[in-house]
Amino acid sequence: MDLTFSAEENEFRDELRQWLAENHPGDEPRGDDDTTFEFRKDWQRSLYDGGWAAVQWPQEYGGRDATLMQSAIFFEEVGRTRAPLPANVLGLLLAGPTIMAWGTDEQKERYLTPILSADEIWCQGFSEPEAGSDLASVKTMAKRDGDDWVVTGQKVWTSGAQYAKWCLLVARTDPEAPKHKGLSYFLLDMDQPGVQVRPLVQITGEAEFNELFIEEARIPHENMLGGEGDGWNVALTTLMNERSGLGFFLQIRLRQLLDQLVEEAVRNGKIKDPVIAEAIGEIEARTEVTRLTAYRGLSTIEKYGQPGPEGSLTKWLWSETNQMLVQLAADVVGPEALSADSKWAYELLRARGNTLEGGTTEILKNIIAERVLGLPRK
Amino acid sequence: MDLTFSAEENEFRDELRQWLAENHPGDEPRGDDDTTFEFRKDWQRSLYDGGWAAVQWPQEYGGRDATLMQSAIFFEEVGRTRAPLPANVLGLLLAGPTIMAWGTDEQKERYLTPILSADEIWCQGFSEPEAGSDLASVKTMAKRDGDDWVVTGQKVWTSGAQYAKWCLLVARTDPEAPKHKGLSYFLLDMDQPGVQVRPLVQITGEAEFNELFIEEARIPHENMLGGEGDGWNVALTTLMNERSGLGFFLQIRLRQLLDQLVEEAVRNGKIKDPVIAEAIGEIEARTEVTRLTAYRGLSTIEKYGQPGPEGSLTKWLWSETNQMLVQLAADVVGPEALSADSKWAYELLRARGNTLEGGTTEILKNIIAERVLGLPRK
Amino acid sequence: MRFDFTDDQQEIKRTAKEMLASRSTLELVRSAAESKAYDPDLWKELCDLGWPGVAISEEYGGGGLGVVELAGLLEEGGYALAGSPLLATTACGAAIQEAGSEQQRETWLPRLATGEATGTLAIAGELAPDAAEADVIVLIESDRSGARLLAGDQASVSAVETIDPTRRYGIVTAEESAGEEMPGDPEAALAIGALITSAELVGICQRSLDVTLEYVKDRKQFGRPVGSFQAVQHKCARMLFQTEAARSATYFAAWAADADRDRLIEGASLAKATASEAGVEVTGSAIQAHGGIGFTWEADIHWFFKRAQLDAAYLDGTKPHRRRLAALAARKVTSPA
Amino acid sequence: MRFDFTDDQQEIKRTAKEMLASRSTLELVRSAAESKAYDPDLWKELCDLGWPGVAISEEYGGGGLGVVELAGLLEEGGYALAGSPLLATTACGAAIQEAGSEQQRETWLPRLATGEATGTLAIAGELAPDAAEADVIVLIESDRSGARLLAGDQASVSAVETIDPTRRYGIVTAEESAGEEMPGDPEAALAIGALITSAELVGICQRSLDVTLEYVKDRKQFGRPVGSFQAVQHKCARMLFQTEAARSATYFAAWAADADRDRLIEGASLAKATASEAGVEVTGSAIQAHGGIGFTWEADIHWFFKRAQLDAAYLDGTKPHRRRLAALAARKVTSPA
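Following this line, the structure appears as C-alpha cells:
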C-alpha cells in the first residue's frame with residue numbers, strides 16, 4: 001500500500017502543472033456553442049503543440065506513453081485547474097485507441113494525426129432510439145454496393161456530431177446472423193447529404209447531444225474497421241476506453257463543486273446547522289470514497305491487466321453523490337440555487353443526466369450483478 | 001372528508017375502553033412460551049365471555065357484526081392499552097372467516113365456536129421450504145384413500161403450531177393439473193402421529209414459528225374445505241383476511257414505540273441534537289402517515305367494497321418505518337439499546353422480520369407493480 | 001370516519017380535472033413555459049369558476065367551502081401543471097382570512113375571491129410564486145414570527161427567473177415600516193400555505209407517475225416492455241408509495257384546517273415534510289425511468305421535476321418541517337394533554 | 001501510487017484468511033456464541049502468530065509492521081467473525097503506543113504484543129469490547145478530550161451481555177483519580193481504534209455478501225434461482241457498492257496512519273462513517289436477501305448483523321463521524337494550507 005505518487009508521477013504532474021500555468025486558456029466562453037467549440041479546438045491545438053493532447057497514446061502516434069496513473073493525473077490536473085476538455089475528446093479517447101487496436105496501417109496513418117490536432121473531430125454512433133443501451137439490437141443497416149456500403153438508420157446521443165467530420169458507426173451488415181454477430185464497424189464521413197444532424201436539447205436548455213438521421217449514406221469499404229461481422233468486438237474495444245481517465249476529470253469536478261458548497265455554507269453560516277453539517281459530511285465521505293475507489297481501480301488494472309469492479313462502482317458512486325450534492329445546494333445556498341442563471345441550478349438539472357449517460361445506473365447494477373458477482377441471468 | 005369518528009364508532013370505542021379498563025389482564029409474562037400462551041388463552045376466554053373475541057364476525061356466530069372501522073378500533077385499543085393478542089389469533093382472523101365463506105353448515109357448526117372460545121387453536125399451513133411465498137408451487141401431497149386423504153409434506157412459518165389443534169392446510173390433490181389448479185384445502189387435525197412440530201428459533205432467540213413435518217397424516221374427506229381442486233380460491237379467501245385489522249394493532253405499536261423513543265430523547269437531552277431531532281421528525285412523519293394511510297384504506301374498502309393500494313402500502317410503510325425507528329434507537333438510547341435483555345435490542349432484532357413476514361417487501365412491490373399499477377409481467 | 005372526499009368534493013375535483021385536461025394540456029404548458037407567459041384566458045376561466053375564492057367565506061364574497069376543496073383544486077392544478085397565480089393567490093387569501101384584521105379581510109378578500117386581485121404569501125428573502133405581479137402580499141418575517149400585509153407597490157419585489165418556467169417567481173423584501181401589521185397567527189397562515197403547496201405536489205407526483213407508467217408500458221428494450229423489468233417495476237412502486245404517503249398527509253392537513261384546528265400546525269408540517277420529499281424524489285425517478293429521453297427538453301417530464309423543486313422549497317422544505325414535527329412530538333410527551 | 005497491498009501484506013492477509021477459515025468456521029463461531037465463551041486455543045494461536053503485536057514497534061517487542069498489516073488481519077477477523085480479544089487488545093496497544101508516556105509504553109506494550117495481557121480502548125460510559133477481562137484499559141473521557149491508562153483493577157467495569165454473543169462487552173467508568181493520565185493525543189488513539197474497527201466491518205460486509213451470493217445462486221423460487229431476479233441482483237450490487245466504499249476508505253485510513261499522519265484523523269472518520277453505515281446496511285440486506293430463512297437462528301447470517309451493530313456503534317457511529325468530516329472540510333476551505 002503506497003498512496004504517494006512516485007517520482008515519475010510527480011515529475012509528470014509538475015511538468016504538466018508548469019505547462020498548464022503557462023498555457024491555461026482561461027474560463028470557457030459561456031452561452032454560444034459554436035464559440036465554445038472553437039475555444040476548445042484552439043485549446044486542443046495548444047495541447048497538441050505542447051505534446052499534451054493524448055498523453056496515454058503511444059509515442060509513435062504522438063502521445064507520451066503515459067501510464068494509466070499519469071493519464072489519471074492529466075485529467076485530474078485539467079479538472080483541478082478548470083481547464084476545458086479538448087474539442088475532440090471522443091476522437092482522443094475512443095476513436096484513436098480503437099483505430100490503433102483494429103486499424104490497418106493505412107487507417108492509422110490516415111486518421112490518427114488529425115484526431116490529435118483536432119483537425120478532424122469525431123463522434124460516436126452506437127445508440128439508437130429503439131435499442132437504447134442494447135448494442136445487439138442495432139437496426140441501422142449497411143448494404144454492400146460495389147466498393148461502397150450504403151447505410152440507412154438513426155442514431156441518438158451522439159455528442160459533438162454537429163462538429164464531427166467522422167463518426168464511429170456500428171451498423172448491421174448481416175440481418176440473417178444472430179443479433180450481435182451481424183454487426184460491422186465503420187468510419188463514416190459526416191460530410192455528405194445522407195447524414196443529417198439534429199440537436200437534442202436537454203433539460204438544461206443546452207444541446208450536448210444530437211440525433212443522427214442516416215439516409216443512404218455511402219461508406220467506402222476501406223473505411224470498415226476490423227472485418228465484416230467484427231462490429232461487436234470492435235465496439236467492445238471502444239466501450240472499454242469510455243470513461244478511462246475521464247472518471248478522474250469528473251471526480252475532481254465533484255470535489256470542486258463540494259468545496260464551493262462548503263465555502264458557501266461557511267460564508268452564510270449554514271455549516272453551523274448540524275443537520276446541514278451532517279449532510280455535507282455524508283457527501284464529503286462519498287466524494288472522497290469516489291476518488292479513492294477510482295485510484296484503487298487503477299491499481300487493480302495495473303496489477304491484473306484488467307479492470308476490477310471499481311470502474312462501474314466509481315461511475316455509480318460519482319453519479320449518485322453528484323445528485324445528492326446538487327440537491328443539498330438548494331438547502332445550503334437558498335433561492336440562488338434555483339435561479340435559472342445560477343451555476344447551482346445548472347448543476348441541479350445537469351446532474352439528472354449523470355445516472356443516465358454512459359450506462360444508466362440500472363444497467364450498471366445489472367453488469368455488476370452478472371459480470372462481477374456472477375449472479376445467474378434469467 | 002370526515003376524520004372524526006361517528007357516534008356509533010365512538011360508542012363502540014367507549015364501550016370497549018370501559019370493558020378493557022375493567023378486564024385488562026396486565027402485562028404479559030415474559031420468558032416462557034407456554035406460560036405466555038396460557039395467559040393469552042385466558043385472555044381470549046375473557047374476551048369471549050365479554051363478547052369481544054371477534055367483533056368483526058357476524059352476530060349469529062358470536063361476533064358483533066362490527067364494521068371495518070370498528071374492527072380497526074378494536075385492534076387500536078388492544079394495542080393502545082398494551083393488552084395481549086388473543087391466543088387464537090389465526091383462528092379468529094383466518095380460519096373463522098374462511099370457514100364462514102366456504103364451509104358447509106356442518107363445518108360451521110363444528111368449528112366456529114371453539115375458535116371463538118380458544119378451546120381449539122388454529123395454525124396456517126401454506127408456506128413450504130421450497131415454495132416460499134409461491135403458493136402455486138406447493139409440494140405437500142394428499143392422496144385419496146377410501147374416506148380419507150393421506151397427506152405427506154413439509155410446511156414452514158406456521159406460528160402457534162405447537163398449541164394448535166387444527167391446521168389450515170393447502171395440499172396438492174392432483175399432480176397432473178396445472179400448478180394452481182391441482183390444490184385442495186383441508187382442515188388438518190394436528191393430534192396425530194403423522195404430524196410433527198419443530199420450533200423454528202428466530203434471531204431474537206424466541207420461536208414464534210415452527211416447521212411442520214407431515215408424514216402420512218390422515219384427513220377425513222369431510223374435512224376438506226370447498227371442493228376438490230378449489231384449494232387456490234379458498235386460500236385466497238384466507239390471504240385476503242390476513243392482516244385485516246392486525247395492521248391497526250401494528251401501527252399503534254409503532255406509535256407507542258416512537259413515543260417511548262421521544263420520551264427517552266427528551267429525558268436524556270438527545271432531542272436537542274438537531275440531527276437526532278430531524279431523524280425523529282422523519283420517523284414521526286412516517287408513523288403518522290402509516291396510520292393515516294391505514295384509515296384511508298378502510299375508507300376505500302367501505303366505499304368500493306375492495307381494498308385499494310393502501311393495504312400493501314401500509315404494510316410496506318410500517319415495516320420500513322419500524323426498522324428505521326429501532327435502528328435510530330441505538331443513537332438515541334445509547335448502550336442500553338444493544339443490551340441483550342433490553343426492549344430496544346429485542347425490537348431491533350425482531351424488526352428484521354417485518355420486511356419478510358406476511359409477504360416480503362420485494363413481493364409487495366411486485367404485487368403493487370403488477371396488480372395496482374398494471375405493469376406487464378415478463 | 002370517512003377518509004375520502006364527499007361526493008360533492010369529488011365532483012368539484014373531477015370537474016377541475018376535466019377542465020384542466022383540455023385547458024392545460026402538456027402542449028399548452030410547454031408553449032406557456034417556452035414563452036415564459038401565462039395563458040390569461042385560463043386564469044380568467046378559473047376565476048369565472050370561482051376557484052380563487054373557493055375557501056374564502058361567503059361573508060367576503062368567497063365560495064364558503066373549505067381548505068379540503070381548495071386542496072383538491074390545487075392537486076388538480078399540479079396534475080395539469082397549470083400556469084396561473086392560483087396557488088399564490090389562494091395562499092394569500094387564506095393567510096389574510098387567517099391572520100388579517102377585520103378591515104384587512106374586508107379590503108382584500110372580496111377582490112382575491114373573484115380573482116380581480118392576485119396575491120402571494122412570501123417569506124422575506126425567499127422565493128415566492130407570482131410575487132412581482134401581486135396586488136397584495138402577505139409577508140412573513142424571515143424568522144417566521146410576524147406577518148405584514150403589503151399592497152403590491154409597498155413591497156420591493158425582485159422578479160427571479162427560476163428553473164421552473166411554468167410559473168413566475170420573485171423575492172419580496174420591505175422596509176420595516178411598510179404596509180400594515182397583521183394581528184393574527186402567522187403560523188396558521190403559513191400552515192395553510194404549506195399544505196396547499198403540498199396538495200399541488202401530490203398532483204405533480206401523481207401525474208409524473210401516470211406519465212411514467214404510460215411510457216414504460218409502451219417502450220421496449222432488450223425485446224420487452226421496459227415496465228416488465230423488476231427494477232423499473234419496483235421504482236414505480238416506490239413512486240406510488242411516496243405519492244400516496246404525501247396524499248394521506250396532505251388530505252389530513254386539509255381536513256385539520258377545516259375541522260380540527262389543534263392539529264393544523266402538525267398536519268401542515270407532516271404534509272409539507274412528506275410532499276416536498278416525495279415531489280423531488282418521484283419526479284427524479286420519473287426522469288430516470290424514462291431513460292435518456294427523460295433528460296431531453298422535448299419530453300415533458302422535466303417540467304414536473306422543475307416545478308417540484310420550487311414547490312419543495314416554498315414555505316420550507318422537508319428538513320425544517322421534520323424538525324418542527326420532532327419539536328411537537330417532544331412537547332406532547334412532556335406535557336400529555 | 002499503489003492502492004493495494006504489497007506482496008508481503010497480501011501474504012499476511014492470505015495466511016490469516018486460510019488459518020481462520022479452518023480455525024474459526026461458522027460452526028465454531030456458532031458454538032462459541034451459543035456457549036457465550038471464546039475458544040481459548042484460538043486466541044493462543046493468534047498470539048503465537050504474533051497478531052496482537054503486529055503493529056507494535058519492535059522496540060516494545062512487537063512485530064514492527066504497520067497499521068495496514070493490522071487492518072488486514074482485522075478484516076480477516078471480521079470475515080471469519082472470530083471470537084477473541086484481538087480488536088480490543090490491538091486497539092489498546094495502538095492507543096498506548098500513540099498517546100502513552102514512555103513509561104506506559106514500556107510497561108504495557110511488550111505484554112500486549114505477546115497477548116500475555118489483553119486490553120481494551122473504551123470511551124467512558126459506552127460499550128467496549130472485552131472490557132471486563134482486560135488487564136489494561138485506555139479510557140477516553142466521554143467528551144473525547146483526554147485519556148487515562150488504567151490497570152484492569154483500577155477501573156469499574158460492568159459486563160454487559162449484548163445482542164452480539166460472539167464477543168464480550170463491558171462499560172467502563174473510573175474515578176477521576178484512578179489510573180494515570182496519558183500525555184499524548186487521544187484523538188489519534190481513537191482514530192486508530194476507529195479505523196481498525198472499520199477494517200473488521202469491511203470483513204463482515206464481505207463475508208455477508210459472499211454468504212448471500214452463495215445462497216441466492218443456489219436457492220430457487222418461482223422456478224428460477226433467486227439470484228436471477230433483478231431486485232435481488234440490484235440489492236447484491238448495492239451490497240458490493242457499500243462494501244467497496246468502506247474498503248477504499250478503510251485502506252486509505254490505515255495507510256494514513258502509517259505514512260501520512262496529517263490525514264489520519266480525517267481518514268479514520270471517513271472510514272468509520274462509511275464502514276458503520278455499510279456494516280449495518282449490508283448485513284441487514286443480507287438477512288433480507290435470504291428471505292424468511294435469514295430471520296432464523298439456524299442461518300448464520302444473523303451473527304454478522306449483530307456484530308455489525310456493535311462495531312458500528314463502537315468509537316462512534318456514522319452521524320458523529322460525518323459531522324467531524326464536515327468540520328474538517330469547513331476548516332480546509334477557511335484556511336487553505
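Order-wise, the sequence lines are chains H, S, W and F. The numbering of the first sequence is my numbering, which starts it at 1 and goes up by one. The numbering of the second sequence is my numbering, which starts it at 1 and goes up by one. The numbering of the third sequence is my numbering, which starts it at 1 and goes up by one. The numbering of the fourth sequence is my numbering, which starts it at 1 and goes up by one. Beta carbons: idealized from backbone N, C-alpha and C, even for Gly. The model shown is predicted, which means the values in this text are computed figures rather than measured ones.
Identification of residues in the stretch 303-336 of chain S having a C-beta nearer than 8 Å to some C-beta of chain F yields 323, 327, 330, 331, 334 and 335, given in sequence order. Here DSSP, grouped into helix, strand and coil, assigns residue 97/H to helix. The Cβ atoms of residue 218/S and residue 192/S lie closer than 8 Å to each other. Judged by DSSP in its simplified three-state form, residue 112/W adopts helix.
At least one CB atom of chain H sits nearer than 8 Å to the CB of residue 161/W.
Each residue's CA atom was taken as its position, placing residue 276/W and residue 138/H some 41 Å apart. Those residues of the stretch 177-198 of chain W placed with their C-beta closer than 9 Å to a C-beta in chain H do not exist. Here residue 177/S carries a coil assignment [DSSP, helix/strand/coil]. Scanning its chain for C-beta atoms nearer than 7 Å, with the 5 sequence neighbours on each side dropped, one finds around residue 84/F the residues 38, 42, 43 and 46, in chain order. Between residue 113/F and residue 184/F, the beta carbon gap of about 18 Å keeps them out of contact (Cβ cut-off 8 Å).
Three or more Cβ pairs closer than 8 Å define a contact, and the stretch 307-321 of chain W falls short of that threshold against the stretch 2-16 of chain S. Per DSSP, the beta-bridge partners of residue 180/W are 149/W. Using beta-carbon distances, residue 325/F counts as an interface residue toward chain H, with a partner under 8 Å. Taking C-beta separations shorter than 8 Å and ignoring five residues to either side along the sequence, the partners of residue 181/H in its chain run 174, 229 and 232, following chain order. In its chain, beyond the 5 residues on either side, 236, 239, 240, 243, 282 and 286 have a beta carbon closer than 8 Å to the beta carbon of residue 209/F.
In the DSSP annotation of this structure, residue 367/H is not part of any beta strand (DSSP E); the continuous alpha helix (DSSP H) holding it starts and ends at 361-367.
Where residue 43/F is concerned, the enclosing alpha helix (DSSP H) starts and stops at 40-48. Between residue 257/H and residue 325/H, the beta carbon gap of about 6 Å places them in contact (Cβ cut-off 8 Å). Burial is judged here by how many other beta carbons sit within 10 angstroms of a residue's own beta carbon; residue 58/W has fewer than 16 and is exposed. Put simply, the CB of residue 372/H is far from chain W, with every gap to its CB atoms at 8 Å or more. Taking a cut-off of 8 Å for Cβ pairs, the stretch 148-156 of chain W and the stretch 123-136 of chain W touch, as three or more such pairs fall below it. Contact with chain F is found for residue 339/S, since one of that chain's Cβ atoms lies less than 8 Å from the residue's Cβ. Inclusion of residue 227/F and residue 216/F in the CB contact set at 8 Å is warranted, their separation being smaller than that value. Put simply, of 80/W, 106/W and 123/W the residue whose alpha carbon is nearest the alpha carbon of residue 88/W is 123/W. Proximity of the stretch 174-191 of chain W to the stretch 141-153 of chain W meets the contact definition, three or more beta-carbon pairs being nearer than 8 Å. Within the same chain, 77, 78, 81 and 83 come within 8 Å of residue 20/S by CB-CB distance, once the 5 residues on both sides are set aside. With its beta carbon less than 8 Å from one in chain W, residue 378/S belongs to the interface.
For residue 173/W, the enclosing beta strand (DSSP E) has its first and last residue at 169-173. According to DSSP, residue pairing for residue 167/S in a beta bridge involves 123/S and 188/S. For residue 215/S and residue 151/S, the gap between their C-alpha atoms comes out near 7 Å. According to the DSSP assignment, residue 28/H belongs to no alpha helix (DSSP H), since it is labelled neither H nor E.
Residue 183/H carries a strand assignment under DSSP once its states are collapsed to helix, strand and coil. A distance below 8 Å separates the beta carbons of residue 75/H and residue 246/H. At a cut-off of 8 Å between beta-carbon atoms, residue 269/S makes no contact with chain W.
C-alpha of residue 219/W to C-alpha of residue 247/F: approximately 39 Å in a straight line. Boundaries of the beta strand (DSSP E) around residue 154/H: 148-156.
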